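Asks: Got a structure for you, questions after.
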Amino acid sequence: MLREPLRQILSKENVRDLTEELTQLLENIAKTYKPLKIVITGSLAEDKFVRGLSDIDVLVVVKEMRENMERFLMHSIKDVDVEITIVSEKELEEAIKRGNEFYIQAIEKGIVVYTS
Numbered sequence: 001m002l003r004e005p006l007r008q009i010l011s012k013e014n015v016r017d018l019t020e021e022l023t024q025l026l027e028n029i030a031k032t033y034k035p036l037k038i039v040i041t042g043s044l045a046e047d048k049f050v051r052g053l054s055d056i057d058v059l060v061v062v063k064e065m066r067e068n069m070e071r072f073l074m075h076s077i078k079d080v081d082v083e084i085t086i087v088s089e090k091e092l093e094e095a096i097k098r099g100n101e102f103y104i105q106a107i108e109k110g111i112v113v114y115t116s
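Letter 21 of the sequence shown, counting from 1, is numbered 21 in the UniProt record's numbering, and no numbers are missing.
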């Protein structure tokens, strides 16, 4: 499901060892949250990732936020933090209309690794 897009993103030597654990984490998120899409954003998507300085940013877009759904999740894979932002499709559209730079950059420069 996610393996090929992630292999392409994580093909560089400094992040190659993260592939399996990141794939497993994102597959678990896909099963749990049933998102419309999962997007890798930030330095990893823009090929500017620096081991020891950068984190991995993930945007998870769901149809609707459920009451018990967390908006932000933090994980660590080896020595790299993984920051996961969960947002509804409607919230994403509204944030982009308001000019929210994080979401604009995520959509314009992010790499979609999962779609439902």
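A virtual CB, placed ideally from N, CA and C, is assigned to each residue, including glycine. Just so you know, these numbers come straight off a predicted model, no measurement behind them.
1. Kindly confirm or deny that the region 42-61 and the region 6-16 touch, where touching means at least three C-beta pairs closer than 8 Å.
2. So what does I9 bridge to, in DSSP terms?
3. Got a sec? Which residues, its chain only, sit under 6 Å from L73 by beta carbon, not counting five neighbours each side?
4. What is the DSSP secondary structure of F49, counted as helix, strand or coil?
5. When you compare only the Cα positions, how much space is there between N100 and F49?
6. Quickly, what does DSSP pair V112 with across the bridge? List them, please.
Replies: Taking the definition as stated:
1. yes
2. Position 9 of the sequence shown holds residue 9. Its beta-bridge partners do not exist; DSSP assigns none.
3. Residue mapping note: residue 73 aligns to position 73 of the sequence shown, counting from 1. I84.
4. Position 49 of the sequence shown, counting from 1, holds the residue named residue 49. F49: coil per DSSP, three-state reduction.
5. Here residue 100 corresponds to residue number 100 of the sequence shown, with the count starting at 1. Here residue 49 corresponds to residue number 49 of the sequence shown, with the count starting at 1. Looking at the two C-alpha atoms, the distance is approximately 22 Å.
6. Counting from one through the sequence shown, the residue named residue 112 turns up at place 112. Its beta-bridge partners are V39.
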